[in-house]
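Each residue of the sequence shown is one higher than the last, beginning at 6 in our numbering.
Cβ coordinates follow ideal geometry from the N, Cα and C atoms, glycine included.
See below for the structure under consideration.
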Amino acid sequence: MARQVDEGRYPAHREADVVLRDGSTVHLRPVRPEDEAALLTFFRALSEQARALRFFTRTSDEALGPLVHRMVHVDYVRRYGIVATVGVPERIIGHAMYAALDGDRAEVAFAVADDYQGRGLGTLMLGHLAEHAAEHRIRLFEAEVLPTNIRMLDVFRDAGFPTEVQIVAGEVHERFPTALTPEALAKFEEREMVAAANALRTFFAPRAVAVVGASRQRGTIGGELFHNLLAYGFAGPVYPVNPRASVVQSVVAYPSVEAIPGPVDLAVIVTPAEHVVEAAQACARKGVRALVVISAGFGETGDAGRARQAELLRVCRASGMRLIGPNCMGIINTDPAVRLNATFAPVDPPEGRIGFMSQSGALGLAILDYARMLGLGISTFVSVGNKADISGNDLLAYWEQDPRTDVILLYLESFGNPQKFSRLARRVGRRKPIVAVKSGRTRAGARATSSHTGALLAASDITVDALFRQAGVIRTDTLEEMFDVAALLAHQPVPAGRRVGIVTNSGGPGILCADTCEAEGLEVPILSEETQRHLRAFLPPEAAVSNPVDMIASATAAHYRQAIRVVGQDPNIDALVVIFIPPLVTRAEEVAAAIVDAVRELGGTKPVLSVFMSSRGVPEVLRASDVRVPSYLFPEAAAIALARVARYGAWRARPLPTPVRFDDLRRDEAAALVDAALARGEGWLEPREVQALLECYGLRMVEQRIVPTAEAAALAAEEFGGRVALKAIAPGVVHRTEVGAVRLHLEGGEAVARAAAEMTARLQAAGTPPAGFIVQRMAAPGVEMIAGVVREPQFGPVVACGAGGTLVELLGDVAIRLTPLAREEVREMLQELKSYRLLTGFRGQPPADVAALEEVLLRLGALAQDQPAVAELDCNPVIAHTRGATIVDVRVRVARPEPALPLGARRR
Numbered sequence: 006m007a008r009q010v011d012e013g014r015y016p017a018h019r020e021a022d023v024v025l026r027d028g029s030t031v032h033l034r035p036v037r038p039e040d041e042a043a044l045l046t047f048f049r050a051l052s053e054q055a056r057a058l059r060f061f062t063r064t065s066d067e068a069l070g071p072l073v074h075r076m077v078h079v080d081y082v083r084r085y086g087i088v089a090t091v092g093v094p095e096r097i098i099g100h101a102m103y104a105a106l107d108g109d110r111a112e113v114a115f116a117v118a119d120d121y122q123g124r125g126l127g128t129l130m131l132g133h134l135a136e137h138a139a140e141h142r143i144r145l146f147e148a149e150v151l152p153t154n155i156r157m158l159d160v161f162r163d164a165g166f167p168t169e170v171q172i173v174a175g176e177v178h179e180r181f182p183t184a185l186t187p188e189a190l191a192k193f194e195e196r197e198m199v200a201a202a203n204a205l206r207t208f209f210a211p212r213a214v215a216v217v218g219a220s221r222q223r224g225t226i227g228g229e230l231f232h233n234l235l236a237y238g239f240a241g242p243v244y245p246v247n248p249r250a251s252v253v254q255s256v257v258a259y260p261s262v263e264a265i266p267g268p269v270d271l272a273v274i275v276t277p278a279e280h281v282v283e284a285a286q287a288c289a290r291k292g293v294r295a296l297v298v299i300s301a302g303f304g305e306t307g308d309a310g311r312a313r314q315a316e317l318l319r320v321c322r323a324s325g326m327r328l329i330g331p332n333c334m335g336i337i338n339t340d341p342a343v344r345l346n347a348t349f350a351p352v353d354p355p356e357g358r359i360g361f362m363s364q365s366g367a368l369g370l371a372i373l374d375y376a377r378m379l380g381l382g383i384s385t386f387v388s389v390g391n392k393a394d395i396s397g398n399d400l401l402a403y404w405e406q407d408p409r410t411d412v413i414l415l416y417l418e419s420f421g422n423p424q425k426f427s428r429l430a431r432r433v434g435r436r437k438p439i440v441a442v443k444s445g446r447t448r449a450g451a452r453a454t455s456s457h458t459g460a461l462l463a464a465s466d467i468t469v470d471a472l473f474r475q476a477g478v479i480r481t482d483t484l485e486e487m488f489d490v491a492a493l494l495a496h497q498p499v500p501a502g503r504r505v506g507i508v509t510n511s512g513g514p515g516i517l518c519a520d521t522c523e524a525e526g527l528e529v530p531i532l533s534e535e536t537q538r539h540l541r542a543f544l545p546p547e548a549a550v551s552n553p554v555d556m557i558a559s560a561t562a563a564h565y566r567q568a569i570r571v572v573g574q575d576p577n578i579d580a581l582v583v584i585f586i587p588p589l590v591t592r593a594e595e596v597a598a599a600i601v602d603a604v605r606e607l608g609g610t611k612p613v614l615s616v617f618m619s620s621r622g623v624p625e626v627l628r629a630s631d632v633r634v635p636s637y638l639f640p641e642a643a644a645i646a647l648a649r650v651a652r653y654g655a656w657r658a659r660p661l662p663t664p665v666r667f668d669d670l671r672r673d674e675a676a677a678l679v680d681a682a683l684a685r686g687e688g689w690l691e692p693r694e695v696q697a698l699l700e701c702y703g704l705r706m707v708e709q710r711i712v713p714t715a716e717a718a719a720l721a722a723e724e725f726g727g728r729v730a731l732k733a734i735a736p737g738v739v740h741r742t743e744v745g746a747v748r749l750h751l752e753g754g755e756a757v758a759r760a761a762a763e764m765t766a767r768l769q770a771a772g773t774p775p776a777g778f779i780v781q782r783m784a785a786p787g788v789e790m791i792a793g794v795v796r797e798p799q800f801g802p803v804v805a806c807g808a809g810g811t812l813v814e815l816l817g818d819v820a821i822r823l824t825p826l827a828r829e830e831v832r833e834m835l836q837e838l839k840s841y842r843l844l845t846g847f848r849g850q851p852p853a854d855v856a857a858l859e860e861v862l863l864r865l866g867a868l869a870q871d872q873p874a875v876a877e878l879d880c881n882p883v884i885a886h887t888r889g890a891t892i893v894d895v896r897v898r899v900a901r902p903e904p905a906l907p908l909g910a911r912r913r
C-alpha cells in the first residue's frame with residue numbers, strides 16, 4: 006500500500022544490512038548528494054567492459070561526472086537510487102536506481118563492483134528498488150540490456166518476477182511488475198536461507214580458531230573454553246591470544262589476533278566487555294569471517310551495554326563479519342571431521358542427530374549435561390545469547406540443509422522476527438521436526454488495547470501458540486517435556502495417526518496411560534478380533550486383551566516380545582506404549598531386551614515408547630543396540646510426548662495451506678481512506694469510514710443509515726419499517742452498551758425519537774454528547790460471534806474469532822491465527838472454539854452458514870495484511886445465519902505503523 010512520504014525527504018527506513026550469498030553482510034541505503042565523489046570512484050573502478058555494459062557505450066572518466074551528478078540528486082519517489090557499501094570509511098560496491106518514465110512505469114538499471122559479482126548483490130538491490138517503487142504506485146519496471154550483459158539478464162531471470170522479454174534493434178527489453186508476488190518473495194527467501202546457511206558453515210567448520218582472552222588458568226572462562234577446544238580434538242589449529250602470556254596451556258600464544266601467522270576463520274572473544282569492540286576491530290582487520298562473543302555486559306545490562314552492543318554490531322556489519330552472541334556460552338559441532346567445542350561447559354556431548362539452540366547460556370550448560378545423561382546425541386549446539394546478529398531463524402536455515410541434523414530443539418525467550426520464523430518453520434518442519442520451549446507464558450501487564458479483540462489477546466502468549474500451531478512447531482511446557490519429545494523423535498518414526506496400543510503388566514498404569522492419551526487427543530481403540538485371538542493364544546486367561554493389554558504381573562520377557570509384535574501388526578494401531586512395573590519374578594533388563602527385539606522385528610514402521618517404573622539402569626539397555634527405544638519413568642509422560650508428536654505428524658501429512666487471494670478487493674481505495682483518516686490523527690474511524698473500508702474488502706454490514714440528529718433517526722426508522730436498532734455516535738465511547746448508547750427492537754419513528762432523546766440526555770450528562778446516530782435494520786436471528794484483528798508489534802496482524810455479544814470477554818472463548826490465512830486454517834480455527842457446537846446446530850437449532858463466517862474471517866485477514874495502519878478492528882457481533890453472515894457492529898482504530906523492514910534486511 007502507498008506510504009505518505011514527502012518528495013525530497015531521505016527515506017531512512019530504507020537503510021538495511023543484508024546478507025550476500027556467501028553469508029557476509031553489506032549495507033544498503035538510499036543515495037545521498039554527498040555520495041557523489043565516492044560513487045564516481047566506484048564507476049571509475051569498474052572494468053571497461055562493465056562500464057560499457059552499464060552505460061551502453063564506452064564512457065570516459067570525464068563523461069562520468071555529469072551522469073553521477075544526476076544519480077545522486079533524486080527526489081526519492083519518482084527518481085530513486087540506492088548504494089551498497091562495506092567498510093569504515095564506506096566503500097561503495099554497488100549502485101541501483103530507477104527513474105519514472107510516465108504514469109506508473111520506471112526504467113531501472115544497476116551496477117556491481119567486479120570483486121562482488123556473483124554473490125547475489127544485484128538481486129538484492131533490485132528487490133529493494135521494486136519494494137520502494139511499489140510503495141509509490143510505480144507498478145512496472147523496464148530495462149534495456151545489451152545481449153552481452155549476461156549478469157544483468159541473470160539477475161532479472163533469477164529474481165522471480167514475471168518478466169516480459171522483447172528483442173528490439175539488438176537490445177533486450179525487460180519488463181516486469183514491481184509487486185512482490187508470492188513467487189518472487191519465495192525466491193528472495195530461498196536466497197536468504199542459502200546465505201544464512203553459508204554464514205553458519207563458517208562457524209561450524211572453520212579452518213582455524215583464535216581464542217581472544219585465552220587463559221593459562223583452568224577454572225576461568227578463557228581457560229576452560231581454550232581447554233575444551235584442545236581436549237575435544239578440534240581438527241585445525243587453535244591460536245590463543247593473550248598479550249600477557251607467551252604460552253597458554255602448552256600452546257604458543259600471540260599478543261593480538263593480527264599477529265597470528267595463518268588465516269583465522271573463527272574468533273572466540275572472552276575478554277572483559279570494555280575490550281570486546283577493540284578485539285572485534287582487530288578481527289575485522291585480520292579478515293576473520295565469524296565471531297563468537299562470550300563476554301557479558303552488553304544489551305542485557307542497560308543503556309551503556311546496549312550502546313556497546315550496537316558498536317560491536319556496527320564493526321561486524323561494516324566488515325561483513327558475522328556474530329554469535331554476545332553474552333553467550335559458545336558453540337559445538339560434534340562432527341568427527343571437525344570436533345569443535347568452543348564452550349566453557351564441563352561436558353563433552355555425544356555425537357547425534359539433534360540440533361539445539363538455547364537463548365540462555367546457563368540453561369544451555371544444564372541442558373547439555375541432561376542430554377548426555379539421557380543418551381541423546383547432538384549434531385550442533387549454539388548458545389545465541391543476545392542474538393545481536395545470528396538468530397534462531399539463521400539456525401533453522403542451516404539445520405534444514407544439514408545432513409547431520411534430523412531433529413531441531415529450541416529454547417526461546419524472545420523472537421527477533423516471528424513472521425519470518427513462521428514462514429521458515431513451516432518449510433523446515435515438513436522435513437525435520439522442530440520442538441520448542443518458549444518461556445514467558447504470562448505477561449506482567451496487558452497491552453493498552455480498547456477493543457474486545459485486543460482484550461482477548463492481552464496478557465497471554467496465545468499468539469505464540471497460534472504461531473507454533475500454524476508453523477507445525479511442537480511446543481512443550483517444560484524442558485523435561487522437550488527432551489521427552491526429543492527422545493521419541495530421535496529414535497522412533499512419527500506415527501501415521503492417533504491410535505495407541507498399550508501393553509502393560511499392571512492394570513493401573515495402563516488405565517493412567519489410556520486416560521492421558523484420550524485427554525491429549527489420542528485414541529485407545531479396541532483391538533481387532535484377530536489381534537485379540539492371537540493375544541489369547543499365549544497370555545493367561547486372566548489377561549485383558551481389548552486395549553490396554555494387561556498381561557498381569559506374571560508376564561515374562563517372552564510375553565512382552567510376542568505382545569508387542571502382535572499389537573504392532575494390528576492395522577488399527579499407529580503407536581505403542583509398553584509399560585513395565587518390576588514384579589518379583591521378571592527382571593527389567595530381560596524385558597528391555599525383549600522390547601528391543603520386538604521393535605526390531607516390527608521394522609521401524611510404528612513408534613514404540615517404553616515405561617519402566619521404579620527400574621534403574623534399564624534405559625541404558627534400551628540405548629545399547631542398533632534399535633533405540635525411548636524410556637519414560639511414568640506412563641503420563643510417555644502419553645504426552647506421543648500426543649505432541651502425533652499432532653505434528655497430522656500437521657505434516659496435510660498439504661501446505663495456500664493463502665486465499667481475492668480478486669474483488671479495492672486496496673488502493675482503502676489505503677487512501679486510511680491515509681485520509683491518519684491525516685487528522687490516530688484513533689477510531691468514524692462510522693461512515695468504517696463502512697466504506699469494509700465495503701472495499703467485500704464485507705457486508707447490516708443495512709443502516711448514519712444520521713446527524715434524532716429527527717433524522719426517526720425518519721430513517723420510518724423508511725426501514727419494522728424493528729430497528731438505534732446506536733449513538735459518541736466520540737471516545739468504545740463499548741456503547743456500557744453507557745446505554747444502544748437500544749434494540751425499536752419500532753416506528755416515535756419510539757426511535759424518544760430513545761434518541763434519552764440517549765442524548767444520558768451522554769450529555771456523562772460529558773460525551775452524541776455527534777449523530779446509527780439506525781440499523783434488526784438483523785435476522787443466528788449465532789452471535791466476534792471476529793476481529795489486532796496488529797501485534799512483533800507478530801503483525803492477528804485474526805481472532807470467538808463467541809460474541811456482551812459476554813465475549815467473560816467467556817474468553819477465542820481462537821486466533823496469524824495472517825496470511827488459508828481457508829483450511831480458518832476452518833480449524835473455528836473448530837477449536839467451544840462455541841463451534843452452536844454453529845453446527847445445537848439442541849434442535851438449525852446449523853449456521855459456517856462457510857459465510859469463514860469468508861468474513863478470510864476477508865478481514867486480507868484487510869489486515871494489506872493495511873498496516875489498521876491497529877485494531879472489532880466486529881462484535883457477527884451474526885452467522887442459516888444462509889450468510891451479517892456484521893452488526895464494527896470499530897476500527899488506525900495508527901501510524903512502524904516502517905516495515907526492507908526486503909531481506911537484518912534487524913539492527
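Whole-angstrom C-beta distance between residue j and residue i, which should lie under 8 Å
i, j, result
"Ser427", "Ala476", "5 Å"
"Leu493", "Pro355", "Leu493 to Pro355, Cβ: 18 Å. No contact."
"Ala853", "Thr824", "Contact doesn't hold; Cβ gap of about 24 Å is too wide."
"Gly909", "Gly132", "7 Å"
"Ala869", "Val794", "4 Å"
"Ala289", "Met326", "6 Å"
"Ala733", "Phe778", "6 Å"
"Ala278", "Arg313", "6 Å"
One or two residues paired with residue i in a DSSP bridge
i, result
"Gln171", "His178"
"Tyr85", "Tyr103"
"Ser388", "Gly335, Ser363"
"Gln3", "Absent from the model: residue 3. The displayed extent of the chain is 6 to 913, so no value can be given."
"His32", "Asp22, Thr90"
"Glu316", "Paired residue(s): none; Glu316 is not in a bridge."
"Arg896", "Asp879"
"Ile97", "Thr90"
Other residues of its chain near residue i: CB distance less than 7 Å, five sequence neighbours each side excluded
i, result
"Leu45", "Leu69, Gly70, Val73"
"Arg628", "Gly380"
Sequence-distant residues of the same chain with beta carbon closer than 6 Å to residue i, five excluded per side
i, result
"Ala148", "Val113, Glu179"
"Lys192", "Gly165"
"Leu858", "Ala885, Ala890"
"Gln424", "Gly801"
"Gly654", "Val499, Pro500"
"Leu670", "Tyr702"
Cβ-based neighbour list, residue i, same chain, cut-off 8 Å, excluding 5 preceding and 5 following
i, result
"Val389", "Ile329, Gly330, Cys333, Met362, Ser363, Gln364, Ile395, Ser396, Gly397, Leu400"
"Tyr22", "The sequence shown places Asp at residue 22, rather than the Tyr named in the question. Correct list, in chain order: Thr30, Val31, His32, Leu33, Arg322, Ala910, Arg911, Arg913."
Range of the contiguous beta strand (DSSP E) that encloses residue i
i, result
"Ile143", "No beta strand (DSSP E) holds Ile143; DSSP gives it neither H nor E."
"His232", "Careful: His232 lies outside any beta strand (DSSP E), inside the alpha helix (DSSP H) at 226-236."
"Tyr259", "Note, Tyr259: premise wrong, no beta strand (DSSP E); not H, not E."
"Pro514", "Careful: Pro514 lies outside any beta strand (DSSP E), inside the alpha helix (DSSP H) at 512-524."
"Phe778", "777-782"
Boundaries of the alpha helix (DSSP H) in which residue i is found, first to last residue
i, result
"Pro624", "623-627"
"Gln769", "754-770"
"Leu205", "187-209"
"Ala542", "Where Ala542 is concerned, there is no enclosing alpha helix (DSSP H), given that its DSSP letter is neither H nor E."
Original post:
Is the segment 508-521 touching the segment 637-656 in the sense that three or more CB pairs, one from each, lie closer than 8 Å?
Top reply: yes
Segment contact, 8 Å Cβ cut-off, at least three pairs: the segment 870-878 with the segment 671-690: yes
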